[in-house]
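Residue numbers (the numbering used here), protein chains in the order written: chain A, 1 to 321; chain B, 1001 to 1321. Where is the CB? At the ideal position from N, CA and C, for every residue including glycine.
Number of protein chains: 2
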Amino acid sequence: MTTMRDVAKKAGVGVGTVSRALSDTGYTAKATREKIFAAADEMGYAYDSASKSPVKTGIIGVMVPLLEHPFFAKMTDCLEAELYKHGYKCMIFNNCGNEADPTGVIYMLDTGILAGLISLADPPSDFLGRKGKAIVSMDRGWGENVPVIRSDHAQGGRLAAEAFLESGCRRVIQFMGANLDAGANDRHAVMEKVLRDNGCEVTSVRTPWNMMGYSYDRNVIRSYWNVVREMDGCMTNDIAALSCLSIALEMGVRVPEELRIIGYDGTGITRLCHPELSVVEQDCTALAEACVDRLLQLLRGETIPEMLTLIPVKLKKRGTT
Amino acid sequence: MTTMRDVAKKAGVGVGTVSRALSDTGYTAKATREKIFAAADEMGYAYDSASKSPVKTGIIGVMVPLLEHPFFAKMTDCLEAELYKHGYKCMIFNNCGNEADPTGVIYMLDTGILAGLISLADPPSDFLGRKGKAIVSMDRGWGENVPVIRSDHAQGGRLAAEAFLESGCRRVIQFMGANLDAGANDRHAVMEKVLRDNGCEVTSVRTPWNMMGYSYDRNVIRSYWNVVREMDGCMTNDIAALSCLSIALEMGVRVPEELRIIGYDGTGITRLCHPELSVVEQDCTALAEACVDRLLQLLRGETIPEMLTLIPVKLKKRGTT
């Protein structure tokens, strides 16, 4: 019986390369692919004929709102590493903070330049769902045909509420994104409910967070400072939470005695302050693994068992609660 | 006389697309390119024949050590935006923090999957210089054929030294990378000289900074804390400088009265603390523009006027000096 090793020998390449080409799970140069398929055909070695499709770039697009944002930078590092393990390269698209056109991504999928797409951003406005395309979304809904990987933000909201309650908070403010349909906003609804059920006042401020970046987030907290200082707890993203801590220190407000702060995301920057920030930490490695796992299933044409996958978050209690 | 508009009309595409294809300055789909060149040939419209080469991906590789590092994240955002302006897409390669193989980048250049490369990282160990390839390096030397874009780090070292002297420092410590050949290390030599010429003691600690990331940098400062506390000035990268500030606050060392701190890079994180960090700021926008400008010259086959381009830095005096 012909083995993969025989095909590799005949094609003059390694067994790993043959495996990648025949199972269509990674990049192989065009000339090499042709040699491998010719050898397999000649020797009668069976493979899934879909693997033979001529367009094989091995390039996966990763669409992010902004790399400067530390959560997206970390996620991109993790996705690139995870894709690399499976023989894929990573092409990054930013769709916020510059004029990059997200419909370009769909064009590159349609023409086969990209083998698949992992998106951490909203879909293009004219995206109508593409059945059969290898697209995975993190957090946001891209329509019924696109699997979603998401941190368990409801758990995150509950953990934050419990941490505020344990430290004796009575009046908590939270800052949330403008797009309340986004799954990331589950945390706000759950935190508000748990706190109210326990007799706390909750103020929820909706801001156009899609305007991202260090100076924007800092300015939001500064402009709401008169509201924040009437509170004894504040939950917001890492950048805004660090801004909140630094303004409190500047104004002589004691943290955590007078104001407890919880950062949401838990990226590396939250330990670069004193006191270190208490956070709800998203597990970037597990999120990236789940995204890539789902994408590989789509590329292999498998049925997706669950269209929504939730990854647990953790509360890291440090110095600000 | 045949105009570009005539060629566009005959090929059934926009003038911008014709311009991109004939001047070879951006991505055009293969079928469209063929129509455009056929129309131009038929109508006798002149163009540089080098543009007609079949391999036109419009994809530029950007190689970075680690996106989680805020300077590289910001640079990647700026490079992606600048490349997009000129019709190019960006493919990211991390070469530190995961197992990604930098020689894969060279393979993708050789096979035409990448039209060019901008590297913010060291060259692969077996890279011997490729004359005629469109490669631009930021900071590091990639051999005599590769143009280098670099912040004026000597100016940065001088500005930092002057800031320490103005604030009355007498004993300054600086942390520097292991690879003293890297142009980024000019700042250390110049700062040390200017400070010594003015009667200051200088301690220069060489660390394997190539081990990057939030927790590594924080641990370095913590392990050197007994040395740092004997000093009255400290210069290091943004992450380590923020760590230095937070440890000082934790230990009750007054900043800037007892210890002045200067961060090198000046990314967004340096304003998320109290007092805000004084920094030497690299101009990421100008660095990205210069990298892309140089790359476009190489893609057009032009002679590079200067193999080394220096971009000015700025001292931003804030709360820690």
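- For residue 1274(B), the chain A residues whose C-beta falls within less than 7 angstroms of its own C-beta are 246, 249, 250, listed in chain order.
- Where residue 1300(B) is concerned, there is no enclosing alpha helix (DSSP H), because DSSP gives it neither an H nor an E.
- In this structure residue 65(A) is buried. Its beta-carbon is surrounded by 16 or more other beta-carbon atoms within 10 angstroms.
- One Cα belongs to residue 43(A), the other to residue 1012(B), and the distance between them is close to 47 angstroms.
- Relative to the Cα of residue 92(A), the nearest Cα in the group 1080(B), 1086(B), 1315(B) belongs to 1080(B).
- The beta carbon of residue 1104(B) sits closer than 8 angstroms to those of 1093, all from its chain and outside the five residues before and after it, given in chain order.
- Taking 8 angstroms as the upper bound on Cβ-Cβ separation, chain B lies near residues 213, 214, 215 of the stretch 190 to 217 of chain A.
- By the neighbour-count criterion, in which 16 or more other beta carbons inside 10 Å mark a residue as buried, residue 224(A) falls on the buried side.
- DSSP lists 1237(B), 1280(B) as the beta-bridge partner residues of residue 1264(B).
- With fewer than 16 other CB atoms across the displayed protein chains lying within 10 angstroms of its CB, residue 308(A) is exposed.
- The alpha-carbon separation between residue 1247(B) and residue 1222(B) amounts to approximately 7 angstroms.
- Exposed is the label assigned to residue 46(A), since fewer than 16 other Cβ atoms lie within 10 Å of its Cβ.
- Taking each of 1253(B), 1249(B), 1258(B), 1262(B) in turn and checking the Cα distance to residue 1239(B), the smallest one comes out for 1262(B).
- Membership of residue 321(A) in any alpha helix (DSSP H) is not indicated, and neither H nor E is assigned to it by DSSP.
- Pairwise C-beta distances place the stretch 1283 to 1297 of chain B in contact with the stretch 1060 to 1077 of chain B, as three or more of them are shorter than 8 angstroms.
- Proximity of chain A to residue 1234(B) at the Cβ level (cut-off 8 angstroms) is not reached, the minimal Cβ distance being about 15 angstroms.
- Residue pairing by DSSP leaves residue 1002(B) without any beta bridge partner.
- Straight-line spacing of the CA atoms in residue 1318(B) and residue 1274(B) works out to 10 angstroms.
- If you draw a straight line from the Cα of residue 1252(B) to the Cα of residue 270(A), it is about 20 angstroms long.
- When Cβ-Cβ separations below 8 angstroms define contact, residue 1073(B) makes contact with chain A.
- According to DSSP, residue pairing for residue 90(A) in a beta bridge involves 60(A), 1092(B).
- Across the structure, residue 243(A) and residue 1107(B) are spaced so that their CA atoms are roughly 44 angstroms apart.
- Looking at 1062(B), 1020(B), 1035(B), the one whose alpha-carbon comes closest to that of residue 1116(B) is 1062(B).
- Within its own chain, the residues whose Cβ lies closer than 6 angstroms to the Cβ of residue 267(A), once the five positions on either side in sequence are excluded, are 70, 71, 74, 238, listed in chain order.
- Residue range 1030 to 1043 is occupied by the alpha helix (DSSP H) that includes residue 1037(B).
- Apart from sequence neighbours up to five positions away, the residues of its chain that approach residue 190(A) with a beta-carbon distance below 6 angstroms are 154, 157, 158, ordered along the chain.
- A buried status is given to residue 28(A), since no fewer than 16 other beta-carbon atoms sit within 10 Å of its beta-carbon.
- Boundaries of the beta strand (DSSP E) around residue 151(A): 148 to 151.
- The continuous alpha helix (DSSP H) containing residue 75(A) extends over residues 70 to 85.
- Between residue 1058(B) and residue 1087(B), the C-beta spacing is below 8 angstroms.
- At least one C-beta of chain B is nearer than 8 angstroms to the C-beta of residue 271(A).
- For residue 1201(B), the enclosing beta strand (DSSP E) stretches over residues 1201 to 1206.
- One finds 91, 92, 93 in chain A with Cβ atoms closer than 8 angstroms to the Cβ of residue 1090(B), taken in chain order.
- For a cut-off of 8 angstroms, the C-beta gap from residue 1313(B) to residue 1139(B) is around 13 angstroms, too long to register as a contact.
- One thing to note: residue 1136(B) has its Cβ no nearer than 8 angstroms to the Cβ of residue 1173(B).
- Secondary-structure assignment with DSSP links residue 174(A) through a beta bridge to 204(A), 235(A).
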